[in-house]
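Remarks on the structure that follows.
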């Protein structure tokens, strides 16, 4: 077996595994009960699935320009997906869209209570 054939087999395995992870992330977005579990499903397996697809495409293409572009796409995805998931969670929390019965610890509740109390105190004192 030549090196090219082995690389093609590894690329095929990476592409199939990445596609299955992306499929699992999509199914989880539909099936999971609340926002936090859906965010987990959209951030973690989707990013890993995309990275596996990019590795498979890079092993198959083997051109410097193509691989550089794939690396940039992967880095951009790694930089933006966690930040986007965090911002969605922070935006949804004050709107009571989070099931607090599923949380083990709720560190944001005390912070939001303090902000609400500061706003009430500020509105109560005349300027």
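Residue numbers (the numbering used here): 27 to 153.
Beta carbons are placed, not taken as given, at the ideal position from N, Cα and C, and that holds for glycine.
Since this is a predicted model, take the numbers as computed values, not measurements.
Inter-residue spacing [alpha-carbon to alpha-carbon] between residue i and residue j
i	j	result
residue 66	residue 77	16 Å
residue 40	residue 63	26 Å
residue 124	residue 113	14 Å
residue 116	residue 73	20 Å
residue 104	residue 97	10 Å
residue 31	residue 88	13 Å
residue 75	residue 111	16 Å
residue 131	residue 138	14 Å
residue 145	residue 99	42 Å
residue 141	residue 121	15 Å
residue 106	residue 148	36 Å
Buried/exposed call for residue i, threshold 16 Cβ in 10 Å
i	result
residue 28	exposed
residue 44	buried
residue 9	The first residue shown for the chain is 27 and the last is 153, placing residue 9 beyond what the model contains.
residue 101	exposed
residue 47	buried
Presumed contact (8 Å Cβ cut-off) between residue i and residue j, rounded CB distance
i	j	result
residue 68	residue 51	6 Å
residue 134	residue 119	6 Å
**Request:** Could you tell me whether the stretch 33-48 touches the stretch 70-85, using the rule of 3 or more Cβ pairs below 8 Å?
**Result:** yes
**Message:** Taking contact to mean 3 or more Cβ pairs, one atom from each stretch, closer than 8 Å, check whether the stretch 120-135 and the stretch 48-62 are in contact.
**Reply:** yes
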